[in-house]
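**Student:** Below is a structure I'd like to ask you about.
Numbering (my numbering), first residue to last: 20 to 121.
Here is the structure:
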């Protein structure tokens, strides 16, 4: 018999359960930014590949504003937020646009 261990990412709902009304939280937006930066760091010539501490920059210098943290959202919905970077010398647009099909 083979035993498999699985990990699942659950999106916490508004009522605190994984099966409640879906909601987007600020930490999820930052998590996406970190994963995008990690992927882009593997591409030579990308702006983020020239920055060694991209996760630290996202954690310490990037802030989410004008976002209703924990706001209920229907499936397939879009939402807006402002992203502020305390040190403008770091280029983050390629992180923000990661995965965008033009």
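All C-beta atoms in this analysis are idealised placements derived from N, C-alpha and C, irrespective of residue type, glycine included.
Owing to the predicted nature of the structure, the values given are computational and were not obtained by experimental measurement.
So what's residue 101 in DSSP terms, helix, strand or just coil?
**Tutor:** Reduced to three states, the DSSP call for residue 101 is strand.
**Student:** Confirm, please, whether the CB-CB distance from residue 43 to residue 82 is below 8 Å.
**Tutor:** Not in contact: residue 82 and residue 43 (Cβ atoms no closer than 8 Å).
**Student:** According to the Cβ coordinates, are residue 67 and residue 113 closer than 8 Å?
**Tutor:** Yes, they are a contact pair.
**Student:** Taking the alpha-carbon positions, what's the residue 64 to residue 51 distance?
**Tutor:** So the alpha carbons of these two residues sit roughly 21 Å apart.
**Student:** Within this structure, are the beta carbons of residue 80 and residue 116 separated by less than 8 Å?
**Tutor:** No.
**Student:** Here's a check: name, in chain order, each residue in its chain whose Cβ is nearer than 8 Å to the Cβ of residue 101, leaving out the five neighbours to either side.
**Tutor:** Once the five neighbours on either side are set aside, the close Cβ partners of residue 101 are 83, 84, 85 and 86.
**Student:** Taking the beta carbon of residue 62 as the centre, do at least 16 other beta carbons fall within 10 Å, making it buried, or is it exposed?
**Tutor:** Exposed, since its Cβ has fewer than 16 Cβ neighbours within 10 Å.
**Student:** Where does residue 46 land, buried or exposed, given buried means 16+ other C-beta within 10 angstroms?
**Tutor:** Residue 46 should be labelled exposed.
**Student:** Helix, strand or coil: how does DSSP classify residue 112 here?
**Tutor:** DSSP places residue 112 in helix when its eight states are reduced to three.
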